[in-house]
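Asks: Take a look at this one; I'll ask things after.
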Amino acid sequence: MRVSLTVNGEPRKTDVWGGESLMYALRERLDLPGSKNACEQGECGSCSVLLDGVLVCSCLVLAAQADGHAVTTVEGLASDDGLHRVQEAFVAAGAVQCGFCTPGLVVATVDLLERSPAPTDDEIREALSGNLCRCTGYQKIFDAVRLAAGTVA
Amino acid sequence: MSATETRPRLGRIGESVRRSDGTPKVRGEFAYASDLHAADMLWGHTLRSPHAHARIVEIDLSQAVGMPGVHAVLTHEDVPGRKTYGLEFSDQPVLAIDRVRYFGEPVAVVAAEHPEQARRAAESIRVTYELLEPVADSERATEMEPLHPDRPTMGHGYRDDPRPNVVRHMVIRHGDPDTTGDVTVEGVYEVGSQDQAFLGPESGLAVPDGEGGVDIYVATQWLHVDRDQVAPCLGLPPEQVRVHLAGVGGAFGGREDLSMQIHGALLALHTNRPVKFVYNREESFTGHVHRHPAKIWCEHRATRDGRVVCVRMRILLDGGAYASSSTAVTSNAASFALGPYRVDNALIESTSVYTNNPPCGAMRGFGAVQTCFASEAQMDKLAAALAIDPVELRLLNALAPGDHLPTGQFVDGALPVAEVIRRTAALVPPAPEELPRDPIRLPGGAGNTTRGEGVRRGVGFAVGFKNICYSEGFDDSCAARVQLHADGSATIHCAATEVGQGVTDVILQVARTELGTDEIALAPHTTASVGSAGSASASRLTWMVSGAVRDACRAALEERERRGGGEVDVERVHHHRPTTPLDPETGQITGERAHVALAVAAMRAVVEVDVDLGLTRVVWVGTAQDVGKAINPQAVHGQIEGGTAQGLGLALMEEIQTRDGRIGNASFTDYLIPTALDMPPVAVDLVEDPEPDSPYGAKGVGEPPAIVSVAAIAAAVRDATGKELARVPIRADDICL
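Protein chains in written order, with our numbering: chain U, 1 to 153; chain W, 1 to 737.
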C-alpha cells in the first residue's frame, strides 16, 4: 500500500507492506536509519520519534497508521546552524558510548524539555526510564539533560 | 585569521576529549551494522532449534525453496569447507548436522527479497526431531551421556579429565591447603546467567566480490579471528575473506564469538547477491554466548587477629553446549578466586562443563565476577565472625606488590589494593533521606508500594580485581600502521574494534601526542590494510593500542628523519611481556607469570530495601578504581558508571531463565536491565598508579566495576535484611519469604 506522511518537515510517499512498522518504513524505505532497532517491541525506546508531536516508539506504530501524519526523527533535529542543543549536550557531557540508544534518548530529551524546560532530577529519571542504555549507567545522560536545560549546578 | 588557526587544539593523552564519533551518533547518521544497505541486497534469516537437545531425523526444505522471494535455503550440507568453528575448539557446527545441543541453535538459513519472506520461508522448513534428554543440571553433567563424544577439548595442554562433559578442570594448589585457622566460615554461592544485552542486535552484511571471495561488514570484537574462523568453513584462503568493522552497538564480550558471519557469507556466495542479517531481540538472546552461571563452594580460615591463612574453593561453571572461551573463564575464575588478598595457603578447584543450556563465553569480568561475589561474601562472614570491621579486615589482608598470587606469580606491577580501599572508604555516602518523600525515591518507585514502612537501609563494601590483557601463554599483539603525508598530516590504520568504549579516541589521542599534530585521519577498521589488533576484551585494548600506535608513530618519525622528509608508511606490532601456561596439575606458573598485569577496584554501596515486599533501591555507590593512567578521564568515568550498572543488574534483576535448557525470558519485557530509575549516583575516584610496563602507565578500566559492584550491592542488601543471600540476582522472595 502507498502511504504519504510528512517526515522532518518534508512530504514523503512510500510503498509499504501492511505488516511493516513505522520504524521499518523509516529505516528501510525512507533512508532514515537513525531510529534504532534494538528490541522492536516497545521496551527500549531506541526507535523513539515524535508523531504529530507525541513521543512514540516507532516500532509499535504501523507505517500505515502514520499515513497523513507528521513524524520527526532524530535526523530532523539538527539545523543548518549545527546540532540541536540536546545533541550538542549529549556529545559534550560524554553521554554517548556505543550510541545505539542515543537517537531515542535525544528525541525523548527534546520531548521532555519541551514539556518541562527545567526538569528536576526525578523528572529526568522518570522521563527517560523508557529508554534503555547498556553502556553509560545513565549518569552522563543525566548530565547532558541538565546541560541542555541550563540547570547544571 | 583562518578557521584552522582559531580551532582549539584536540585532546592529547590525559585530557577528556569529545568523542570523534559523537556527532554522527547524536545525529542518527552513524552507520551501525543493522543500518547497512547494498543494491540488490537480500535478507537472511536463521531457522533455530526449538529444543535444547534432539537428534535431527530429517530436514525438509521442499516448501521453503519455492516460496515467493526466496533465493536460497541452506543447511549443513551446503557448507563447503569445515563444518565447525569455535574460538578455542572447533566444536560448534556452522549449521546443526545430526543433532542440536541448545535452544536456538542454527539449523538452516534462508535468503529472500524481504525479511518477512525470509522469516516465513524459514518457518516453513520442516525439521523432524527426536527428543533427547537434556543435560540441564551442571552438577550432574559429568554423570550424563557425553554431548561431544569426540572430546574436542582433550589433549590441548590442559588437565585431561576422563569424566564426560568436562570442558576444563583445573586445580590451583598453593602452600599447605590443610592449614587451619582459629575461625572458619563456609558458604555455597550461586550466580545466575547474565546476558550482555547490548542494544545493537547482531547484524551484518556479506557482499560477494565476484571472484569467489567475500567482504563481511559486521559488528564484532575481533576482525582477524572472525576471518580465521570464517574462511576455513567457506573453503577459502583467508585473503579471500575480508572482514570490516560495521558500527557496533555495544559488545561486553558477546561479540567475541561468531553470529551471522559464516551464514551471511554462505548465502552471499550461493546467491551472488549481498545478504544482510539483523537479529531481533529474541534471537539475540540465543545468538550470542552469556556469562557462565556458577556454583561456588567456599571455606575460609583465619586467625583470631584477622589474617586469612587458608582458602578452599570449588568452582563449577556451566559452559552450555559449546566451549567458546570457557577454558579461559575457568582459569580466570580460579586465578582471582581469593580476591586481592594475601593468602599463603589455598586449594582452588575450577571446572567448566558442557550442558544443553545456552552456550556461555565471554562477558565483562570473565569469571572474576562470579568468584568475587563468593569470596567477598566470605570476607564479610569472616569479619562478622571475628568482630572486625569489614573494611579493616580487607586492609589487613590487602595484596600488594611484592606478594605472590596463589598461582605463584610474583606481583611486580602496580596494584594499589590498600589505596583503593582507603579512598573508597573516604567517599561519604549521603545521609538517609527523611520521610515522607516522593515514592520515586523509595523501593518500588512509581509503583507506590510503600510510604517508607518496612524500608531498611544497608551499606556494603567490596573489593575486586582481575587481569589486564590475555593470559596463560596466549600472547596477543596489536598492530598499527602510520602513514605520514608530505603536508604534515597522518593516517592511522588499526583494526581495533570500536564497540562504544572509545578506543577510537585513544588511538587519536596517542597519535596526536606522539606526532604533535591534530591533522590525523583514522582509516576504516579492517583486516584488509593492517595486521590484527587483537580483540576488544580482557581490558586489554587501551594498553595494546596505545603501545602499537605509539611505537608506529615513533618509528614513522624516525624513518622520515632518516629519509629527510617525504611520505612514510610504517607498521609496528606491539607485544606485552610474555606469559606462560599454568601447570596442568598444580595450577602453578611455569614461567615468570601467567598474567600480564592486574587492576583493582573497591566499592561502597548504599541500598534501601522494602523487607516486606523484597524490593530494593540502590541509593548511592562510591568507588575508587586503579586505572594506571586515565588516557581520557571522561571516558574512564563512563566505563566505571556503565560497568557499575551492569553489576547492579546482575545483583538485583538480570538472569536468563532456563527450563530444561529452554530460555523463557528472551525479551526486554522479561529480562530486565537497569533503567534510568534504577541507577543511583556514582561517586568515582580514579587512582592513578602507573603500570610500569604499560604504555603511558595505562590499564584497562572496563571490567573492575562490573566485578566489584555485584559483590558490593549484594553485601548492602545483606546488611539491610540480615539474610545470607548467597545467590545473585537477589530475588524478591529471597528477601521477604
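Cβ coordinates follow ideal geometry from the N, Cα and C atoms, glycine included.
Can you tell me where the beta strand (DSSP E) with W:T153 in it begins and where it stops?
Replies: No beta strand (DSSP E) holds W:T153; DSSP gives it neither H nor E.
Asks: In this structure, how does DSSP classify W:G547 when only helix, strand and coil are distinguished?
Replies: The answer is helix: DSSP assigns W:G547 an H, G or I state.
Asks: Note down, in chain order, every chain U residue with its Cβ under 9 Å from the Cβ of W:S667.
Replies: The contacting residues are C39, Q41 and E43.
Asks: Quick check on this structure: which residue in W:D678, W:R101, W:V618 and W:P232 has the alpha carbon closest to the alpha carbon of W:Y322?
Replies: Checked all of W:D678, W:R101, W:V618 and W:P232; the closest Cα to W:Y322 is W:R101.
Asks: How about W:V619 and W:P680: do their beta carbons lie closer than 8 Å?
Replies: Yes, they are a contact pair.
Asks: Suppose you measure from the CA of W:D182 to the CA of W:T303; what does that come to, to the nearest Å?
Replies: C-alpha separation (whole angstroms): 5 Å.
Asks: In this structure, what does DSSP give as the bridge partners for W:P106?
Replies: Answer is W:R48.
Asks: For the stretch 97–108 of chain U, list every residue whose C-beta sits within 8 Å of some C-beta in chain W, in sequence order.
Replies: The residues in question are Q97, C98, G99, F100, C101, T102, P103 and V106.
Asks: Per DSSP, W:T658 forms a beta bridge with which residues?
Replies: Bridge partners of W:T658: W:I663.
Asks: Using a C-beta to C-beta distance shorter than 7 Å, which residues of chain W count as neighbours of U:C135?
Replies: Correct list: G250, G500 and G642.
Asks: Report the option in W:A523, W:G212, W:H169 and W:A334 whose CA atom is closest to the CA atom of W:K466.
Replies: That would be W:A334, whose Cα lies nearest to the Cα of W:K466.
Asks: Grouping DSSP H, G and I as helix and E and B as strand, with all else coil, what is W:E123?
Replies: Reduced to three states, the DSSP call for W:E123 is helix.
Asks: If contacts are defined as beta-carbon pairs under 8 Å, then W:A231 and W:R255 qualify, I think. What distance do you get, rounded to the angstrom?
Replies: Contact doesn't hold; Cβ gap of about 19 Å is too wide.
Asks: With 7 Å as the C-beta to C-beta threshold (strictly closer), list the residues of the stretch 180–198 of chain W near chain U in chain order.
Replies: Here the close residues are A197 and F198.
Asks: Do W:A377 and W:A651 have their CB atoms nearer than 8 Å?
Replies: No, the Cβ-Cβ distance between W:A377 and W:A651 is not below 8 Å.
Asks: Can you pull the chain U neighbours of W:N280, defined as C-beta to C-beta under 7 Å?
Replies: Ordered by position in chain U, the residues that pass the 7 Å Cβ test against W:N280 are E40.
Asks: Here's a check: name, in chain order, each residue in its chain whose Cβ is nearer than 7 Å to the Cβ of U:G42, leaving out the five neighbours to either side.
Replies: Cβ neighbours of U:G42 beyond the five flanking positions: C57, C59 and L60.
Asks: Taking the alpha-carbon positions, what's the W:V167 to U:L50 distance?
Replies: Spanning the two alpha carbons is a distance of roughly 51 Å.
Asks: Does chain W have any CB closer than 8 Å to the CB of U:Q65?
Replies: So no, U:Q65 is outside the interface.
Asks: Within a Cβ cutoff of 6 Å, which residues of the same chain sit near U:D111, ignoring the five residues on either side of it in sequence?
Replies: Excluding residues within five positions, the ones whose Cβ falls inside 6 Å are L55.
Asks: Assuming W:H71 and W:L42 make a contact with CB atoms under 8 Å, what is their CB distance in whole Å?
Replies: At roughly 6 Å, the Cβ-Cβ gap stays under 8 Å, so W:H71 and W:L42 are in contact.
Asks: Helix, strand or coil: how does DSSP classify W:V230 here?
Replies: W:V230 falls in the helix class under three-state DSSP.
Asks: On a CA-only basis, which of W:G502, W:L427 and W:G534 is nearest W:A479? Give me that one, please.
Replies: Among W:G502, W:L427 and W:G534, the Cα nearest to that of W:A479 belongs to W:G534.
Asks: Under 9 Å Cβ-Cβ, which residues of chain U neighbour W:M67?
Replies: Per Cβ cutoff of 9 Å: no residues; W:M67 is ~15 Å from chain U at best.
Asks: W:A64 and W:I172 - do their beta-carbons sit closer together than 8 Å?
Replies: No; because the gap between Cβ atoms is not below 8 Å, this pair is not in contact.
Asks: Name the residue from W:A666, W:S352, W:V309 and W:F366 whose alpha carbon lies nearest to the alpha carbon of W:P406.
Replies: Of the listed residues, the one whose Cα sits closest to W:P406 is W:V309.
Asks: In whole angstroms, what is the alpha-carbon distance linking W:E571 and W:V482?
Replies: Roughly 6 Å between the two C-alpha positions.
Asks: Considering only the beta carbon of each residue, do U:R125 and W:L484 sit closer than 8 Å?
Replies: Cβ atoms of U:R125 and W:L484: not closer than 8 Å.
Asks: Compare the Cα-Cα distances from U:P103 to each of U:P33, U:D81 and U:G19 and report the closest residue.
Replies: For the residues U:P33, U:D81 and U:G19, the minimum Cα distance to U:P103 belongs to U:P33.
Asks: Starting from W:R423, follow the beta strand (DSSP E) in both directions and report where the run begins and ends.
Replies: W:R423 -> not in any beta strand (DSSP E); alpha helix (DSSP H) instead, spanning V417 to A425.
Asks: What is the DSSP secondary structure of U:A149, counted as helix, strand or coil?
Replies: The answer is helix: DSSP assigns U:A149 an H, G or I state.
Asks: Taking the beta carbon of W:T180 as the centre, do at least 16 other beta carbons fall within 10 Å, making it buried, or is it exposed?
Replies: Classification of W:T180: exposed, given that the 10 Å Cβ count is below 16.
Asks: Does the CB of W:R27 have a neighbour CB from chain U at under 8 Å?
Replies: So yes, W:R27 belongs to the interface.
Asks: Using a Cβ-Cβ cut-off of less than 9 Å, list which residues of the stretch 439–472 of chain W approach chain U; keep chain order.
Replies: Listed by position, the residues of the stretch 439–472 of chain W near chain U (Cβ gap below 9 Å) are I440, R441, G445 and A446.
Asks: Compute the beta-carbon to beta-carbon distance between U:A70 and U:I141, rounded to the nearest angstrom, for a pair I have assumed lies under 8 Å.
Replies: 27 Å between Cβ atoms; not a contact.
Asks: Closer than 8 Å, CB to CB, is U:T151 near chain W or not?
Replies: Not an interface residue.
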